[in-house]
Structures are given as structure tokens and as C-alpha cells.
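Data first, discussion second: the structure below is written as C-alpha cells.
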Amino acid sequence: MTKPHKRITNREFKLLIKPQGLDRLSRITKLSEQIHLFCNKKKVGFFHLDNANTALRNIYFYDTASEHFRQNNLILRVRESRQNIWVDDWCEVTLKHRSHEIKDAIAIDPSPKKGLKYRLRLKEEILRGDKLGSTRVLYSHNAILDAVLLDNVFDRSFAGVSRFFPKLEIESLEKKTPIRIVGGSTNKILEACLPLGNLVFGDGVQAHCEIAIWMRSVGDPIVGELAFAYRVTDENRAQVKAHKRADAFFSALQFELENWLEIGSTKTALVYGKPE
């Protein structure tokens, strides 16, 4: 590869993990130890996070009954943080446009209305390809609202979404069209997310590594996702050797974790029941 595109803000590498036993800490510890040993073998720095805590949150997606968002490569996601068993009054709302081509990903501006506090990210998502050790790339243009009052999340119509994202237009979708949780209100996902450590690929290229476990309820894992990601900045964009090292590590890691890997593309695709 050459240096990342000038618009890229993040690179994220993702592997789906088989769900069996992922609700047991001993299983996660075993995975973490295997990754640590593999890093030593590949001479990639690994700094374990001994005091990391597991974060819990609810995750669900909004779309029309005909899946207009999905058909236009759009994802509208809500994350509700949980403290112990309690859901916070504030949630995170993300609108993202995904594409296999960067020019197509940035063709839609997901920015919300003026006055809302948000983060804009253009992510290069590196996923497992069709064969072990291969990769494929999705570009994801994201607007992330960190603090939306939970009771104010949409009014179950596209007009409600438009009040947050007035630039969003979907052909043939009227403002009055109902919006609902994908799969129904009982299709909310409980996510447990545990940071594992930091991976060092080179000067200024240090990735945060974590595992996310999706469950229908506690003790009922659907799938896991092992991911490591880092920010791309003006300072590290030209560190091509480090970026290449991250790419090579991801491909080799697939062979190392072959017995852990689940077939599939993304967690979102599992909720919709359709590949991306």
C-alpha cells in the first residue's frame, strides 16, 4: 500500500470470532494470551491492559420496513451505555455511509444539523476476505453524536431522523415513512466490550485492541469481534512501513486464530441477515 488517503481518519481491522464460550472470562483470557504470544513471535509490541474493565451497552439499528437505509449503504445505529444494569439517559447516535470505494463513501455527507456536538470520521475498515489470510476493505463515512437524550431519539419516522440529519436524502423515501428498530424492539443487542491491550506497529502507529461480544441476553453470545484500530493523522500518515506492518500482521493473525474465526463479514450484517 501507499500512505492512507488524505481524508482517512482511522484504520480498523476486524475479525469475527465464534460465539461459543465467549461469556466466560477464562476463554477471553486464553485468546488474549494467544495474541500476546503471537505478537512476540512477530516482534509487534503488545502492552497488556491489566486494569481494563468490561463496558456494557445496548445496540440497535433503525431502518424502514423496506430497508431503505440498507439498500443505500447507510447505517443508523444507537448505542445505550449501561452502568451495572441501568441504562443511561443519554445515548450515542451514529449515521454512517459505507462503500467499497472511498469516492462513493464520501459522496454522502452524514453531518448533523448545526448546533449539535459531533465527531466526523472517515474509516478504512479492513475485514477478512473470502480466504484465510486475505482482506477486503470498506470505507465508512461516520457522523457520531455522543450525547443525545434517549427520550428524544427520533419519532419513529424519517422526518424525525431528518431533524438530526437534515442533509440526508434517500430517493423515493417520504418524510412520513415509518422508521423502526431493525428486527423489532426485541432485537436489541447487549454488547460486552473488553480492551485487551495496545499494539505497536511503528513510530506513531499504535493500535487499541479489544474484543466485543454481542449477546441477545447475558449468557447467550451471538458472535464476537476482535478488532484493533488506530488514528491516522498528518504526523503518521506517511509512515507507510508501519501501515504495511499492520496489514501483514492482520493477514498472519487470521492463520494464528483460524480455530477461533467465525465465517461472515460484519456484526451489522448479522443483525440484518444480509452480507455487506
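Letter 129 of the sequence shown, counting from 1, is numbered 156 in the working numbering, and no numbers are missing. Ideal placement from N, C-alpha and C gives every residue a C-beta, glycine not left out. Keep in mind it's a predicted model, so treat the numbers as computed, not measured.
Apart from the 5 residues on each side of it in sequence, K194 sits with its Cβ closer than 7 Å to the Cβ of D136, S138 in its chain, given in chain order. Contact annotation, F255 with F40: C-beta distance approximately 5 Å; criterion of less than 8 Å satisfied. When DSSP states are grouped into helix, strand and coil, Q233 belongs to the strand group. Under a 10 Å Cβ-count criterion, S199 is classified as exposed, with fewer than 16 other Cβ atoms of the shown protein chains found around its own Cβ. DSSP places Y89 inside the beta strand (DSSP E), whose first and last residues are 82 to 90.
Close CB contacts of L122 within its chain, under the 6 Å cut and outside five residues either way in sequence, are with L103, P137, A170, F192 (chain order).
Under the DSSP assignment, H95 falls in the alpha helix (DSSP H) whose first and last residues are 95 to 98. A direct Cα-to-Cα measurement between A92 and G210 gives close to 9 Å.
Fewer than three pairs of CB atoms, one per stretch, sit closer than 8 Å, so the segment 43 to 57 makes no contact with the segment 266 to 277. Counting only the Cα atoms, L147 lies some 14 Å from A174. Rounded to whole angstroms, the separation of the alpha carbons of R84 and A275 is 32 Å. Restricting attention to G72, V164, I133, K141, the CA atom closest to the CA of A234 is found in G72. Judged by beta-carbon spacing, S59 lies within the 9 Å limit of L223, meaning their Cβ atoms are closer than that value. By the C-beta density criterion, T293 is buried, having at least 16 other C-beta atoms within 10 angstroms. The three-state secondary structure of H270, taken from DSSP, is helix.
DSSP, read as helix, strand or coil, puts H32 in coil. A Cβ-Cβ contact shorter than 9 Å links I208 with F88. Here S167 is buried, its C-beta having at least 16 other C-beta atoms within 10 Å. Take the alpha-carbon of C118 and the one of F185: they are about 19 Å apart.
Around the Cβ of V245, a 10 Å sphere holds fewer than 16 other Cβ atoms; the residue is exposed. Counting along the chain, H63 sits inside no beta strand (DSSP E); it lies in the alpha helix (DSSP H) bounded by residues 52 to 69. Annotation note: the segment 93 to 133 contains the following uninterrupted alpha helix (DSSP H) runs of length 4 or greater, listed N- to C-terminal: 95 to 98, 129 to 132.
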